[in-house]
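*Asks:* Quick one: the structure is below, and I'll ask about it shortly.
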Amino acid sequence: MQPLFRLHEVTKSFGAREVLNVPELTIPGKEIYAMLGPNGCGKTTILRILALLHRNSAGRVEVLGEGVDWGKDQLLRLRRQMAMVTQTAFMFEGTVFYNVAYGMKVRGQRGKEVKQRVEEALELVGMTPFLKQDARGFSGG
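Each residue of the sequence shown is one higher than the last, beginning at 17 in my numbering.
The following block contains the structure:
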């Protein structure tokens, strides 16, 4: 079985400062992993590279056995197959409806199906009354 992710000689720099240097990393599928390390060691940076949110400065990134060329079409196709959940909630500018619908829309779903599924999801968590409110106005608790 091909690995989910493979990094080969991957580095990431911000300006002249190299913040990540990974000689080799292979992550097989169907397992749960933990990434541990002190603050500032590159945990978030490597996760953002794996999620294709940050481009590596050098080296080779593979997702599902495919070398990442960072082209728009490839990124969209690969990103549609993954999600990254962060410790701190992130909300896009816009309504609660927009934020809940976003994942479905980037995966090509449209119209009545999206509306129905968003309304069902919000009803499940008791948030139907907030459908049109600005999503960034809510606390993270």
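Even for Gly, the Cβ is constructed at its ideal location relative to N, Cα and C.
Is there contact between the region 119-126 and the region 84-101, where contact requires at least three CB pairs shorter than 8 Å?
*Replies:* Touching, yes, given that three or more Cβ pairs across the two stretches are closer than 8 Å.
*Asks:* Tell me which residues share the same chain as Ser29 and place their Cβ nearer than 7 Å to its Cβ, disregarding the 5 neighbours each side in the sequence.
*Replies:* Start at 1 with the first residue of the sequence shown, and residue 29 comes out as number 13. Within the same chain, Ser29 has close Cβ partners Val35 and Ser73.
*Asks:* Could you name the residues that DSSP lists as bridge partners for Glu83?
*Replies:* Reading the sequence shown from its first residue, position 67 is the one you call residue 83. One detail in the question is off: residue 83 reads as Gly in this sequence, not Glu. Answer is Glu78.
*Asks:* Pull up the distance between the alpha-carbon of Leu68 and that of Met143, whole angstroms please.
*Replies:* Numbered from its first residue, the sequence shown carries residue 68 at position 52. Numbered from its first residue, the sequence shown carries residue 143 at position 127. Cα to Cα, the separation comes out at about 31 Å.
*Asks:* Can you tell me where the beta strand (DSSP E) with Phe21 in it begins and where it stops?
*Replies:* By 1-based counting over the sequence shown, the position of residue 21 is 5. It spans Phe21 to Phe30 - the beta strand (DSSP E) in which Phe21 sits, taken as one unbroken run.
*Asks:* Would Arg76 and Glu25 qualify as a contact pair, given that the criterion is a beta-carbon distance under 8 Å?
*Replies:* As a first step, residue 76 must be located in the sequence shown, where it is residue number 60. As a first step, residue 25 must be located in the sequence shown, where it is residue number 9. Yes.
*Asks:* Helix or strand or just coil, what does DSSP make of Val35?
*Replies:* Along the sequence shown, read from residue 1 onward, the residue named residue 35 stands at position 19. In this structure, Val35 counts as strand in the three-state DSSP scheme.
*Asks:* Can you check whether the CB of Ile43 is closer than 8 Å to the CB of Pro19?
*Replies:* The residue labelled residue 19 in the question sits at position 3 within the sequence shown. The residue labelled residue 43 in the question sits at position 27 within the sequence shown. Taking 8 Å as the Cβ cut-off, Pro19 and Ile43 qualify as a contacting pair.
*Asks:* Quick check on the burial criterion: 16 or more other C-beta atoms within 10 angstroms. Buried or exposed for Arg93?
*Replies:* By one-based count along the sequence shown, residue 93 stands at place 77. Arg93 should be labelled exposed.
*Asks:* Restricting to Cα atoms, I'd like to know which of Phe146, Phe154, Leu52 and Cys57 is closest to Phe106.
*Replies:* One-based indexing of the sequence shown puts residue 106 at position 90. For Phe106, the nearest C-alpha among the options comes from Phe154.
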